[in-house]
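Notes follow once the structure below has been shown.
In the numbering used here, the protein residues as written are 23 to 201.
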């Protein structure tokens, strides 16, 4: 067999190239970013191009950030927002890189505060269940003592009431700026 001698640097580069190629093939990532500002800083990112069909059917578009789609639930019973990170195959919040976890938290906190401000809600419920829809998404729901499900959860309670047009509260929300 023919032998090839590589310097330590060449061997390291070849090993990294092989490792990255395996990641691309095995996990179907769109891109891999190599960062020089962090030792060993190889990060992966796979941007999502589609919402889960159920989220697309049950929600309306509100806006988006670089990281997330901002949606609203088409159910007149509750002022209800949904934040969906644009990442393929993401099911859990803790699977996001730490910086994206912080950006998601900032977006959710901003929208929760805005929803409370514009609706005067008695309570804001947050949830990231994902038992029926495997795509990571965060619910932000304004709750009132006189709503049909109070004080219980909204999931699995009654039938959604279709929204006629765009709810008034939606127009008063200040959307988050990029962070």
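The C-beta atom is built at its ideal place from N, Cα and C for all residues, glycine as well.
Exercise for review: For my contact list, residue 134 and residue 151 are in at a C-beta cut-off of 8 Å; report their separation, rounded to the angstrom.
Suggested key: For the purposes of this step, residue 134 is taken as the residue at position 112 of the chain shown. For the purposes of this step, residue 151 is taken as the residue at position 129 of the chain shown. Not a contact, Cβ separation roughly 17 Å.
Inset, instruction - Specify the secondary structure class of residue 113 as computed by DSSP and reduced to three states. - result: Here residue 113 corresponds to residue number 91 of the chain shown, with the count starting at 1. Looking at residue 113 - three-state DSSP - the assignment turns out to be coil, as it is neither helix nor strand.
What does the Cβ neighbour count give for residue 205, buried or exposed, with the cut at 16 atoms within 10 Å? A query on residue 205 cannot be resolved here, the shown segment of the chain reaching from 23 to 201 and no further.
Next item on the list: Round the Cβ separation of residue 89 and residue 155 to the nearest angstrom and send it over; I've been treating them as touching at under 8 Å.
Entry: As a first step, residue 89 is located in the chain shown; it is residue number 67 there, counting from the start. As a first step, residue 155 is located in the chain shown; it is residue number 133 there, counting from the start. Their Cβ separation, rounded to whole angstroms, is 18 Å, which puts residue 89 and residue 155 out of contact at 8 Å.
_Using 7 Å as the threshold, is the C-beta distance between residue 103 and residue 146 below it?_
Counted from its first residue, the chain shown places residue 103 at position 81. Counted from its first residue, the chain shown places residue 146 at position 124. Their beta carbons are not under 7 Å apart, which means residue 103 does not touch residue 146 by this criterion.
message = Let's see if you can read the secondary structure: which residues bound the beta strand (DSSP E) around residue 81?
response = By one-based count along the chain shown, residue 81 stands at place 59. Residue 81 -> beta strand (DSSP E) spans 81-86.
Handout entry: beta strand (DSSP E) runs wholly inside the segment 159-191, at least 3 long, in chain order
Key = 160-165
message = DSSP three-state label for residue 131, please.
response = For the purposes of this step, residue 131 is taken as the residue at position 109 of the chain shown. Helix.
### Query
Would you report the Cα separation of residue 170 and residue 99, rounded to the nearest angstrom?
The residue you call residue 170 lines up with position 148 of the chain shown. The residue you call residue 99 lines up with position 77 of the chain shown. Rounded to whole angstroms, residue 170 to residue 99 spans 8 Å at the Cα level.
Margin query: Going by beta-carbon coordinates alone, are residue 101 and residue 196 separated by less than 7 Å?
Written below: The residue given as residue 101 occupies position 79 in the chain shown. The residue given as residue 196 occupies position 174 in the chain shown. Not closer than 7 Å, so no.
Open item on the list: Counting C-beta neighbours from all protein chains within 10 Å, is the total for residue 59 16 or more, i.e. buried, or is it exposed?
Closed with: Working through the chain shown from its first residue, we reach residue 59 at position 37. Because residue 59 carries a pLDDT of 39, less than 50, the predicted location of this residue cannot be relied on, and the following value inherits that uncertainty. Here residue 59 is exposed. Its C-beta has fewer than 16 other C-beta atoms within 10 Å.
Next item on the list: Check the C-beta distance from residue 213 over to residue 92 and give it rounded, since I have them as a contact under 8 Å.
Entry: Look at the range of the chain in this structure, 23 to 201, and you will see that residue 213 is not part of it.
Ordered along the chain, which non-local residues of its own chain (more than five positions away) have a Cβ less than 7 Å from that of residue 140? Numbered from 1 along the chain shown, position 118 holds the residue referred to as residue 140. Closer than 7 Å at Cβ, skipping near neighbours: 191, 194 and 195.
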